[in-house]
Each structure stands twice: as C-alpha cells, then as structure tokens.
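Numbering (the working numbering), first residue to last: 24 to 160. Ideal placement from N, C-alpha and C gives every residue a C-beta, glycine not left out.
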C-alpha cells in the first residue's frame, strides 16, 4: 500500500472512470479497496451541461389580459433541457412570466401575460439571463 502522504499527484475533480482509494474499516484483514467517484454522488439525475446567455429579450405587444411569447437565444440548448429565466431588471408593471421552456435548438421561449384588465402593453426590451441545464439519468 502507498503511503497517502507520499502521493504527489492531485486531482481537482474526479472523472467517472477514475478510482478513489478507500480504507475499508469493515474488513480489517483486507482493508484496501477502491470505488468510483460516481458512487459518491447522490441518487438522481446527473447534470451533464450548463448553457448560459445574457442579453435582452423583446416582450411583444400584449392586449389587456392576453399572453404572448418571446424567444431568447441560448447556444447549445436542446428541446427537453430544463430552462431558468431571470430578468436582471424589474418586470414592467402588470406583466407576469407564465412559462419558460426550450422550444427549439438554441432557443428558449418565454411566455408573458398582461395582467391589466384594460390597458395594452407596448413592446419593450427586458435585460435578462437564461440558464439551460441538461441532465442524464
């Protein structure tokens, strides 16, 4: 067995095909063991990619009580990925975001709703950040 203090290589992030040395106290007669770093991850989905974009989205004209969709480019996004959308400025008065999803390759769609009962909303740009997360089971 190698003395751990004598090891000179440092790994900052283990890959799934790396092995981690384990001193298995449950088998004192033969304590040397190894395990995959994936065994250290909690159960659930493994995040495989993050895609982030910042810029402006153009909110469309919306009649009172109506919804409309605007799109935002996030290079690398694919249908089925998870999308998060955050305005970096306040939403205009009487507007709500109802749905955010990846609608096509490289495209995040954001649904806006005009909550005002009488006044129409006139198109405007909104500063924002979108984050798309891809995971594998």
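Alpha-carbon to alpha-carbon, residue j and residue i
{"i": "residue 102", "j": "residue 125", "result": "5 Å"}
{"i": "residue 107", "j": "residue 100", "result": "12 Å"}
{"i": "residue 74", "j": "residue 145", "result": "30 Å"}
{"i": "residue 36", "j": "residue 122", "result": "35 Å"}
{"i": "residue 49", "j": "residue 135", "result": "58 Å"}
{"i": "residue 5", "j": "residue 159", "result": "There is simply no residue 5 to check, as the chain begins at 24 and stops at 160 in what is shown."}
{"i": "residue 31", "j": "residue 113", "result": "51 Å"}
Contacts around residue i, its chain only, beta-carbon distance under 7 Å, and the 5 residues preceding and following it disregarded
{"i": "residue 89", "result": "137"}
Beta-carbon gap between residue i and residue j smaller than 7 Å
{"i": "residue 111", "j": "residue 151", "result": "yes"}
{"i": "residue 153", "j": "residue 76", "result": "yes"}
{"i": "residue 52", "j": "residue 45", "result": "no"}
{"i": "residue 147", "j": "residue 82", "result": "yes"}
{"i": "residue 109", "j": "residue 139", "result": "no"}
{"i": "residue 157", "j": "residue 98", "result": "no"}
{"i": "residue 94", "j": "residue 132", "result": "yes"}
{"i": "residue 155", "j": "residue 84", "result": "no"}
{"i": "residue 41", "j": "residue 60", "result": "yes"}
{"i": "residue 87", "j": "residue 141", "result": "yes"}
Extent of the continuous beta strand (DSSP E) to which residue i belongs
{"i": "residue 106", "result": "105-110"}
{"i": "residue 142", "result": "From DSSP, residue 142 is part of no beta strand (DSSP E); its letter is neither H nor E."}
{"i": "residue 132", "result": "130-137"}
{"i": "residue 77", "result": "69-82"}
Proximity test, residue i beta-carbon vs the ligand NAP heavy atom, cut-off 6 Å
{"i": "residue 40", "result": "Summarising the ligand content, the structure contains no ligands, and the ligand NAP is consequently not present."}
Contact set for residue i: own chain, Cβ-Cβ below 8 Å, skip 5 residues either direction
{"i": "residue 58", "result": "42, 43 and 45"}
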